[in-house]
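Using this note's numbering, count along the sequence shown one by one with no gaps and you end on 184.
All C-beta atoms in this analysis are idealised placements derived from N, C-alpha and C, irrespective of residue type, glycine included.
Model, not experiment: these values are computed from the prediction.
Step one of this worksheet: look at the structure below.
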Amino acid sequence: MTITNSPAPTTEERELVITRMFDAPRELVWKAWTVPERLMRWWGPKDFTAPFCRIDLRVGGAYLSCMRSPEGQDYWSTGVYREIVEPSLLVCTDSFADEKGNVVPASQYGMSGEWPLELLVTVTFEEQEGKTTLTLRHVGIPAGEMREQCEAGWNESFDKLAESLAKEGELK
């Protein structure tokens, strides 16, 4: 039997960074992330819905949300807010969960790879001339196919967020 020691992945290898510009003021984009009814409009990849979301927006407060696939599979996630600077910064943990908010391993949802029980999400919101640049940093995602799927899921969610913000702007 041969035993080899592989170097631990670097932070860059386990960090997903996405920057998107939204044609909406920062306060609206902030509310889309922090008001449950608004988050439920866009959370999840294309064709997914978000039937449940609870947010206790304070440092030490938790969130619990559910994404539902087109096939009816529920994916629950939870986390704790570590830093909140309204309306420019959200930092929270991110974990797979059951419907009661208990942290569960990613394998419970059929995820492969070495997922840690807890990841870290940092979202910054910068306003420029009535538009908002959002930067997402999601740290801890395994490299390879799972990371690619996660990146695609975030981008599809952000497409839905852009549509939701556009509809909100039309209502004014």
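Taking its Cβ as the centre, do 16 or more other Cβ atoms sit within 10 Å of residue i, making it buried, or is it exposed?
{"i": "L51", "result": "buried"}
{"i": "L102", "result": "buried"}
{"i": "R38", "result": "buried"}
{"i": "E175", "result": "exposed"}
{"i": "V97", "result": "exposed"}
{"i": "V71", "result": "exposed"}
{"i": "A164", "result": "exposed"}
{"i": "K172", "result": "buried"}
{"i": "T23", "result": "Low confidence applies here, because T23 scores a pLDDT of 48, under 50, leaving its location unreliable and the question unanswered by this model."}
Is the beta carbon of residue j closer than 9 Å to that of residue i?
{"i": "K143", "j": "F34", "result": "yes"}
{"i": "V151", "j": "V133", "result": "yes"}
{"i": "F137", "j": "L146", "result": "yes"}
{"i": "R159", "j": "V29", "result": "no"}
{"i": "E126", "j": "P99", "result": "no"}
{"i": "L69", "j": "T105", "result": "no"}
{"i": "Y93", "j": "G73", "result": "yes"}
Throw me the rounded Cβ distance for the residue i and residue j pair, which I believe falls under 8 Å.
{"i": "T90", "j": "I67", "result": "The pair is not a contact, with the Cβ atoms about 11 Å apart (cut-off 8 Å)."}
{"i": "W88", "j": "S169", "result": "Rounded, the Cβ-Cβ distance is 16 Å, inconsistent with contact."}
{"i": "K81", "j": "F60", "result": "One point to set straight first is that residue 81 is Ser, not Lys, in the sequence displayed. Yes, S81 and F60 are in contact; Cβ-Cβ is about 6 Å, under 8 Å."}
{"i": "A62", "j": "L177", "result": "With 8 Å as the limit, A62 and L177 do not qualify as a contact, their Cβ atoms being about 16 Å apart."}
For the beta strand (DSSP E) containing residue i, list its first residue and its last residue.
{"i": "E139", "result": "L131 to Q140"}
{"i": "R26", "result": "Per DSSP, R26 belongs to no beta strand (DSSP E) and is neither H nor E."}
Starting from residue i, follow the alpha helix (DSSP H) in both directions and report where the run begins and ends.
{"i": "L76", "result": "Premise fails: L76 lies in the beta strand (DSSP E), A74 to R80, not in any alpha helix (DSSP H)."}
**Study point:** Those runs of the alpha helix (DSSP H) which lie wholly inside the segment 29-115 and span at least 4 residues
**Key:** Scanning the segment 29-115 for uninterrupted alpha helix (DSSP H) segments of 4 residues or longer gives 38-46 and 48-51, listed from N- to C-terminal end.
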